[in-house]
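Input: a single structure, listed below in structure tokens.
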Amino acid sequence: MNQTNFPYETEIEVIFRDVDAMGHVNNAVFFTYMETARVKYVTQVFEKTDLLDLPLILVKAECNYHSPALLGEVLVVGIGLTRFGRSSFDLTYRVEVKNGRLIASGHTVQVMYDYVSRSAFPIPEDIRERVLAFQGDWGLGG
């Protein structure tokens, strides 16, 4: 598969702005790393090029920290969809250094959301089909 064994992954270099006074990546920055991977995954899998065409809203985000990431390290962020609900879905993340050292793991919940009516709507069948075509049943328990 790839380094993280997740269906999709992207590399992110730790830059000076990401590092706090303690010399490692600040805890809040990991949510930006997950967001970067999430946007890339969703735009590719949902086949959308314009972010305004992504009818999603983030409703939950969790991050578990395993080891510090340092300035200049290249992080590999793996992401995959692990649950479909009626109108929501879960994404799971793994952040590690190129040498395989686990840095962080995370989980987010997204809801299909109509910004005009301000309401959730069921996940379209074509989205489910695209996810399954892209990642098979990885992480879905199938």
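Numbering (our numbering), first residue to last: 7 to 148. Ideal Cβ positions, reconstructed from N, Cα and C, are used throughout, including at glycine.
{"Asked": "Do the region 51 to 60 and the region 95 to 106 meet, that is, are 3 or more Cβ pairs less than 8 Å apart?", "Found": "no"}
{"Asked": "What does the alpha-carbon distance come out to for the pair T42 and V122?", "Found": "25 Å"}
{"Asked": "With L138 as the anchor, note down where its alpha helix (DSSP H) starts and where it stops.", "Found": "E131 to Q141"}
{"Asked": "Considering T114, what are the terminal residues of the beta strand (DSSP E) in which it resides?", "Found": "L108 to D120"}
{"Asked": "Return the chain-ordered list of same chain residues with a C-beta closer than 6 Å to the C-beta of E17, the five sequence neighbours on each side being excluded.", "Found": "V80 and V82"}
{"Asked": "Does the Cβ of H30 have 16 or more other Cβ atoms within 10 Å, making it buried, or fewer, making it exposed?", "Found": "buried"}
{"Asked": "Please go through the same chain and pick out, in chain order, the residues whose beta-carbon is closer than 6 Å to the beta-carbon of P13, but skip the five residues on each side of it.", "Found": "G86, Q141 and W144"}
{"Asked": "Give me the Cα-Cα distance between P130 and V45, rounded to the nearest whole angstrom.", "Found": "18 Å"}
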